[in-house]
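Counting from 55, one number per residue, gives the positions in the sequence shown under the numbering used here.
From the three backbone atoms N, C-alpha and C, an ideal C-beta is built for every residue, glycine too.
Being a predicted model, the structure only gives us computed values, none of them experimental.
Taking it in order: structure first as structure tokens, then the write-up.
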Amino acid sequence: MTDAFRVFVGWDSREPIAYDVARHSLLKNASVPVSVIPIKQDELRARELYWREKDPLASTEFTYTRFLTPFLADYTGWALFCDCDFLWLGDVAGLLEYTKSNKAVYCVQHDYTPKATTKMDGVVQTSYPRKNWSSLMLFN
């Protein structure tokens with residue numbers, strides 16, 4: 055791989071340290087060149103790339119902006135999105151094995167029902183089908 059693997063990380067102004075930890079652990083464990091790019095809603099709004107009204111049910115600033123990853127990657131090559139609360143214990147290069155496919159997107163499909171009724175900052179925990187599937191997405 056000659057170009058850096060592009061990893062877009064959701065960024066939330068309420069937890070900038072989470073982003074820092076995700077970025078640091080990702081880079082520390084990566085055996086391939088990686089470019090880590092935060093997805094910041096306020097910057098997207100300033101550039102007029104995102105104009106959706108604020109959703110009171112959105113628990114993070116990147117609830118919806120995560121889906122701009124292909125656009126932010128210029129619709130070229132592979133790009134990864136992950137939430138900011140990731141702690142990378144393994145090498146992100148392992149995900150490159152999936153780039154030999156012609157799939158449009160990969161996500162981790164699992165059956166998950168939250169046990170707690172609240173999450174960070176006392177936000178209500180909502181249960182819905184395919185919860186957390188978009189926490190890690192590999193886009194082609």
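By the beta-carbon neighbour count (other beta carbons within 10 angstroms, threshold 16), R60 is buried. Along the stretch 71-151, the alpha helix (DSSP H) occurs as fully enclosed runs of 4 or more residues at 95-100, 123-126, listed in sequence order. DSSP places V159 in the uninterrupted beta strand (DSSP E) bounded by 159-161. Scanning its chain for C-beta atoms nearer than 8 Å, with the 5 sequence neighbours on each side dropped, one finds around Y152 the residues Y160, L192, in chain order. Take the alpha-carbon of L190 and the one of P110: they are about 23 Å apart. Taking C-beta separations shorter than 6 Å and ignoring five residues to either side along the sequence, the partners of D137 in its chain run G64, S189, following chain order. Only buried fits R77, as 16 or more other CB atoms lie within 10 angstroms of its CB. Between V146 and L80, the C-beta spacing is below 7 Å. Put simply, the backbone Cα of F125 is about 25 Å away from that of R68.
Under a 10 Å Cβ-count criterion, E115 is classified as buried, with 16 or more other Cβ atoms of the shown protein chains found around its own Cβ. For R68, no beta strand (DSSP E) encloses it, and the DSSP letter there is neither H nor E. Linking V88 to F62 through their CA atoms gives a straight-line distance of about 10 Å.
Taking the Cα positions, P92 is about 19 Å away from L149. Linking T130 to N194 through their CA atoms gives a straight-line distance of about 7 Å.
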